[in-house]
Every structure is written in structure tokens, then in C-alpha cells.
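Quick notes on the structure that follows.
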Amino acid sequence: MICNQSQRAFLPLFCLQLATIRSESRLKHLLLRLPSYCPESLSELWICINNTLPGASKKSDGWVGLGCCELAISAECRRDCKQASSKNDIAKVLGSVCCSYAGRHTNCREYCQAIFRTDSSPTVSQINAVKEYCQSISPQLIGCVANYTKSYPIRSPIDSLYCCDRAEEAHCQTACKRILRTMSTEQEIMEGLISECGSQPLPQDPLWQCFLGSAHPPTISDPESPPIAKMDYAKLHCCFKANTSSCRNMCLEISTNWGTQTWQEFDQHCEYNPAEMDLITCLADVREPCQLGCKDLSYCTNFNNRPTELFRSCNVQSDQGAMNDFRLWSNGTIKMPFMNIPVLDISRCQPEMWKTVACALQIKPCYSKSRGSVICRSDCVDILTQCGDGKRFLEGQTPERICDLLSATDDPERCIPLHRYLTPSPFENSIEEVIHPCNPSPCPSSHLCEVNRKGCHPGHDCLPYFCVPGCKLGEASEFLVLLDSRIQVPTRSGQVGCYEVCTCGQSGRLENCAEMPCFDTSKTCLSGGQRKSHGVSFRLDCQPCSCFAGESICSSRQCVRSDGSDEDRRLFTGLPCSCADHFVPVCTCNGRTYPSACVARCVGFKDNQFVFGSCRSIDPCSPNPCQRSHAIVFKCEPGSSVCLEECGQGCSVSDCLFRCHTVSSLQCHMIFRNHSNMLIYYQCWKLLLKPREVCGHNGETYSTVCEAFSDRVAVDYQGRCHAVGVLSEFTSDSGCNAVPCPPLSSQACNPVTPLGACCPVCAGMLQILWNKAQMNSFAKVNPVTVHDILKILRLHISVPQCDIFGYLSIDSELIFLIVPVDQQPTPLQIEACSKEAEKIDSLINSASPTLVSQVPLSAFLRSELQLSTISSAALPPLSLSLCVFSSLLLSLTSDL
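Following the UniProt record's numbering, the numbering of the sequence shown begins with 1 at its first residue and continues without gaps.
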């Protein structure tokens, strides 16, 4: 065997990585690249992998077929490789190797990957589809798959009994179970179901959808035809962002049908098309969402220790990929999907710069609002001018023209400046101030990683994260959503503006889908004499607006005339309808306290929809509105939710102002066991903390700081609420003049003042405009509250040192604050919270499916961002806030 030293060196690295990779997507990424790094001449490795394929998941709990790792030179590598991986992960690894033979033939590759997608036996239809689509493409792939499938027993039809419960008619459910228990061939089963249930196998029927679309049950279809196409709803979301019809059509094809040549054509015509930046960035969000932090890289070491920067792919596999890319480029050519770039010997010409290029393209820093991962044009031109092999350039090729295709911008918010990564990070000794327990994800591919914000009990082992089950956003998607969450996805027809809302069920699949009314995205809005397209954001005076299906939806924010006099500005209150800034609160039927009856009327509430007094000062449980029966006693507990739908449109008083639950005799410490419900915590906090009233940003008075925090509301100032707060830069602040503001948590930050508050804070602030009609539509199924939205957004805050609080403003905007949890945060922690806010703001404004596919966040139209910037790096040591101390104290007593 002819094998040079660099190829031999790759073997131990390959074996070692196989033994440590836990993510299916990362395994695929590495294995699909193997043909580039391990040519067919390295036959010893490939023969070993293929020959050990059949027994890889059968002979024992370990991979006894890991004789491949005997090829490693290092004895330590051989030992670790053999001891490490589970049988299921190795099956996925070997499946990726088999499917890599498909090359760019997407249909063949997709049907091949379906064989290895689950731990169950492949179906006859799946195997036949591989033969049909891959026989003429790669005999090696056919042999590789055959070696794998012949070791599995044929599936039993009873494995699919759960599909019978999807039938709408009871007699069909019974017949289905009888057929699966008594018949053995797919043809018999299909004919029996058609006869008994009286319907043809249509994919939109829940029963047939389960049989035809699931990777687990037998695929009940004609063995001679390919399986039903599988969906990737996450990518389908992105397709509607295409600016050209050709890219949109190809995107729709690869998201629903995976045509033979479509993916290759898409790479060539769309992946590097500047006009398709929105589409490409959306697809990148789905494949590899931007996450804070980077560490543990051994090759791209200058990218380590960057806790407040965003990256798409900071992991060992991308680190290895960068090193291998540099080796391939050393052969003198950079191969791209649509062109090859000839270069000089990069080991001699600017090697550190080329290493940085390779690392940047693999690790993929996300820059600011664009979340793009392209190198800045000036860097691209410089390095190709110095190291491009001009003698081998094609006619008309120049560094400038090449870089116009690869990276056409020098905007620091839209490209990666290489100079940042030519030296190590300055934060090497500060990384413990900000941690990233879910980056990279330590969880199985079927689970989401969630930051552990509940703390740990003394004396018990505890991880800083939880692995929670989820659902893929479509049969062919790898993007996960949380169990029981409601998800909005495009309809299978792919018609623009048509969506359905589904639930992530206990089965791990989207289910109980219901179509929503379609909206016409071709309609435009007229503003200032100009037409605005659907989804475009704009301003009318000071009001943020968005065009939605021909309707201009704007905030009710009050504006002062730009040509007004100084007296006009002095008298301007910023309150709706120019109401006086008197604080005489009223509680409206949606559970929100407004500063006066004038404001409540102005924003649309009728006199019979509010009462005087703040919502927290009113006892909705007197008299007790809850049910009573001879068997069960219901207790009424005052609520604290604010409903987002209109009163009478699904929102009821009980959803907002009180809750009914059965009376329990459990003692206080038993309540602590319900860690997920922070509202219940207060029942015991009030026993531990001396009451000291505070005013929240929502205008409500709370007995303690922790009571406000349990309501997910941050504190404005000490004492009862008595001022309206700042609503505009021109607003008279007389109401706040008498408010003694607490000192800033850090003198190093330039703070922001939340809308309607008196006092500044160190935080990242989001002001979100949302579609009330959509929210009302969602609420017909389940009421929607501010708490619901905060619960979802909190999952997207990946740094435990930051948390999110929020409220509904009197202008009907949603205000969210991402703040450091420590009483005296470091500049790095403040910056991390600002970056988290910046990330979410960008996802909202770009309508990224990673965020807005979740109901009710899909009603978000646009976001405005204000950030606390850092003015100094010198701060005192960290200390715990009062509420953090309280939660630790609760942990000590929770198991008593």
C-alpha cells in the first residue's frame, strides 16, 4: 500500500475522533469529508471499515469491529479507540462512511442515510430505494450497505402498532392492529388497510402519514417505488427568503424531495450568491446555530478563550477539518463548488494567515446582526494578491474578481476580520467568568441541551446542563424543538404564506397539526408615498412599523413633532393620547396594570374592562371563583400572568388574574420539589426574607425582590410604585425626580433605561413589535401570556451568568431585559449578556426559523435593541445577589 506520512498520521486522529464524537451531525460532517483526506489508495483503512460493518452493532456493547483502529500508530490511540464509543454511534459513523460514496448525488445519499437514521432494522422499501438510486452511481456504496443490512433481522409488523392509534375511525384502529398481528408482507398489510379503512394511502392522512413518513415503522409502499419524500421544515422556512426564483425552487426541492442534482446546483448557483445572503444565512442558522464561546481547540488555538464571541462550529471536528483543509490547500489548489483557486506554496507564503483562513471557514465566527461567516473582502484580496498563483488563473480571473464572489463586503458587522484571530485571545485568564455548558452540546442527537439554572443540592453530583427530549423539525431535519412545544411550520405544499401549527409530541415527532389561515405575502403597504413589501420594517415618525400581508402594523408609541417648539417638547408626556403623567393605576382584564384610566382607555380598553388599583393589589379570589364539589376542594390562588390576546378573544380573567388548583397538605419544603415553577417558590421565600417593597419595571409593587424575580420582572427602584417612568427622550421626567435610584451593578457599564422605568440598568434591552391578530389566532387553542414567551426565550440564553426578564409596555410592545445574575458583574459578563440580546434581536429581525418557528414567537414582527456598553475593565470581585443567595438557601432545605 502506498501511504505517505501525513496519511498515516491521519489514521490515529480518525480513530480517536470516531471514539469521542457524540453528535450525529458532526459524525456526518467528518465522515462525508473522508474521501478528500483518505483516497482510495489508502485501501487498508477502507477495507477494514467496510469489512467490519456487519458486526459493528451486534457482537457486543462495544465496537469489536474497531480493528480499524489497529491501523493507528499510537498504542494509546488504539486502546482509547477500542474502549470508547457506543454501538449506536458507531453504526451512524459507518453509515456516514457508506453514504460518502454517493458523492454529490443527493438522492442516492439521502436514501442511503435513511438506512442508518435509526437503530431499527431497515425496511425492504428503504433497501430497494438505495439499489434503484445508487446502483449506477457507486457499486462500493451498494456493497457497503449490503454488508450492513444483511446482519439485521427483518422488522416485525407489530413494531408499527402505534400507528394504528392515528386512525380517525375506531373500527379502522381495531382492524389495523389485527392486520399487523396476522399479516407479514408489506403488500398484504397495505391491501388489508385499504380494504378495512376505506382509504387510499395518502400522506396527509394521519394513519398513512405515520406508516409512510416515519423512519421507525415499516414503510408501507410499493417495494418497487422510492419511499415517500421526507420533509425538512426548518429549511423550508428558509426557502421563502430566496431573492431569485431559481434558488427558491431549488431550496424547495432539497427541503421536500431531495432531487438528484438539485443540491449540487444549489451549491453552485446560490451558496455564494451575494443576492441570496438572507437565504444562505437562514440555512446556516438551521444547520449550525450561532452560539457564544469557543474553547478546547488544538489546531485553531487563536480561536480559544473567546467567551463573548459567537461561533457556528467551535468543536474538535471543525478544528481537525481546518488542519486538513490547510494540508489539501498545500497541494496548490483550493477547490470550491463552482471554481478552483490556484495558490502558491502556502506553507511558505503567509502560512499563519492561511491557517487563520482555514480555521475561520471551519469554526465560523458569526458577526453581529448578519450572523454571516465570510472573510472580509480586503483580507481576501490581500492574501490572494500575495499568494495566489497568477500564472494558473483562468482568463479574466483576478484576486479582486474572485473575492467579489467569495466575500463582497468589508462591513465589520457582516464579515470576519482575520487580524482578530492572528493572535491569542486576551481573555485566557478570565474564561471562568462566563461559561457555555451547551457549546458544544454534550447531549445525544435526539435531545436538546438546556442550561441548568436550578442549582445543585449540596453533596449531590450535578451538571451545569440538562439533556431534554425533543422533536426534529420534520422527518429529514436535524434541528430540534422542545417536547410539548407548539411549532409553526410551512404546509407541505410549500405555498407561500400558508402554515400549520403542530405539537412536539411524546413520540418525538410533530403531531396534531392544524392549518392556520393563509396570508397573502404579495400585498404591499403604502408608507410615505412608498410601497413596502411584506416583512419589511420601517418607521412612521418615532413609531416602529412592519408590513404584514398588506397591513402596516405599528407601535402605539407616542411621538413629538420634529418641527415642534420647545414648549411642545416640555409639555410632551410620552403617554398615549397625551395623558397626564399621574400615577393612579388601574387593572385591566388582561392582567396588566396601567398608570391611569386615561391610558387604559387610549390603548383600547373599555370602562367595564378595568378597575382602579394595581392588579397585584386586587384579590381576584374574593369571593372564591373556583369550582367546588363534594369530592374535590379547589383553592384559588392569585395569578400574575399578563395575557397577550385581546379580552374576549381567548383571554379570560382566570387566565390572567387567578388560578384554581386542588388543596394540598404538603408542607412548604415539599413545594420546592417543583423546581420548574418559580411562582411557587415565593410561598416559601416570604418565610425566609424580610419583606421590603420594590417597584418592578411593569409598574407593579412587590413585597420583595425575589417576588418580583419569580414573576420574571426586574426591579426598577425600592419602595412602592409611584411614578410613570421615562417613555421618550423628550418625556418630562417629573414623576421620576423623586425616585432615588439604586447604584448601578457596575460602574464599568454605560446603562440603558427600560421603557416606562425611572432607573438605568446594565443590560441588553429588546423592544419587540408583534402581530395581535396572529396572537389572537394562537390563543384560540391555548392562552398566550408574557410568561409563555419568557419561558421560550430563556432556552435561547446559553450563558448561565445571564438571565431574562420582561413585561408588556403601556405602548403594547414586549420589553425583554437580558441582565447579569451577579450583584457585581464583571465587564465580560455584561458584554456576554449584551451579545445574547444581540443574537436574539438578529434572529427576530431576520425571522430565523430557529426562533420564530415557535408559537407564539412566530407573531414577532421586528425588534429594536439597546445595549449596555463597557467603559472600564476594573471591577471588584463577584458576589451573589440577594435572590441567588435565597435560591441557594432553598436548595439546602429542599430535601428536608
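Where is the CB? At the ideal position from N, CA and C, for every residue including glycine.
Supposed close pair residue i, residue j - CB separation, criterion 8 Å
| i | j | result |
| --- | --- | --- |
| Leu-790 | Cys-762 | The pair is not a contact, with the Cβ atoms about 20 Å apart (cut-off 8 Å). |
| Ser-848 | Cys-438 | Wrong, their Cβ atoms sit about 18 Å apart, outside the cutoff. |
| Val-642 | Thr-785 | 6 Å |
| Val-752 | Gln-866 | 4 Å |
| Cys-387 | Ser-407 | That pair is no contact at about 16 Å. |
| Glu-700 | Cys-721 | 7 Å |
| Ala-129 | Tyr-101 | Contact doesn't hold; Cβ gap of about 16 Å is too wide. |
| Cys-758 | Val-726 | 7 Å |
Simplified DSSP state of residue i, which is helix, strand or coil
| i | result |
| --- | --- |
| Cys-163 | helix |
| Lys-364 | coil |
| Gly-103 | coil |
| Pro-820 | strand |
| Val-799 | coil |
| Glu-253 | helix |
| Glu-637 | strand |
| Asn-340 | strand |
| Tyr-702 | strand |
| Tyr-299 | coil |
| Pro-544 | strand |
| Thr-398 | coil |
| Ile-115 | helix |
| Arg-862 | strand |
| Ile-346 | coil |
| Val-694 | strand |
| Lys-335 | strand |
| residue 917 | No information on residue 917 is available, as it lies outside the stretch 1 to 896 that the chain covers here. |
| Glu-475 | coil |
| Cys-456 | coil |
| Phe-583 | coil |
| Tyr-594 | strand |
| Cys-359 | helix |
| Glu-511 | strand |
| Leu-814 | strand |
| Cys-647 | strand |
| Ile-416 | strand |
| Asn-776 | helix |
Continuous alpha helix (DSSP H) stretch holding residue i: start and end
| i | result |
| --- | --- |
| Lys-839 | 827-845 |
| Ser-614 | Run containing Ser-614: none; DSSP gives neither H nor E here. |
| Gly-321 | 316-329 |
| Thr-588 | Where Thr-588 is concerned, there is no enclosing alpha helix (DSSP H), although the beta strand (DSSP E) it sits in stretches over 586-588. |
| Lys-791 | 786-794 |
| Ile-383 | 377-387 |
| Glu-567 | 566-571 |
| Val-852 | 849-852 |
| residue 900 | Nothing in the structure corresponds to residue 900, since the chain is present only between 1 and 896. |
Residues sharing a beta bridge with residue i, DSSP
| i | result |
| --- | --- |
| Gly-604 | BP columns for Gly-604 are empty, so no partner. |
| Glu-191 | BP columns for Glu-191 are empty, so no partner. |
| Met-516 | Per DSSP, none; premise fails for Met-516. |
| Tyr-499 | Pro-490 |
| Ile-870 | Cys-749 |
| Thr-524 | BP columns for Thr-524 are empty, so no partner. |
| His-447 | Pro-469 |
| Leu-310 | Leu-292 and Cys-366 |
| Gln-530 | Ser-527 |
| Tyr-148 | In DSSP, Tyr-148 forms no bridge with anything. |
| residue 910 | With the chain running from 1 to 896 in the structure shown, residue 910 is simply not present. |
| Val-761 | Val-752 |
| Cys-504 | Leu-510 |
Where the beta strand (DSSP E) containing residue i begins and where it ends
| i | result |
| --- | --- |
| Tyr-717 | 715-718 |
| Gly-764 | 764-770 |
| residue 902 | Nothing about residue 902 can be reported from this structure: the residues present for the chain run from 1 to 896 only. |
| Thr-281 | That residue, Thr-281, is in no beta strand (DSSP E); its alpha helix (DSSP H) goes 277-287. |
| Leu-480 | 480-482 |
| Ile-179 | Ile-179 -> not in any beta strand (DSSP E); alpha helix (DSSP H) instead, spanning 170-182. |
| Cys-554 | 551-554 |
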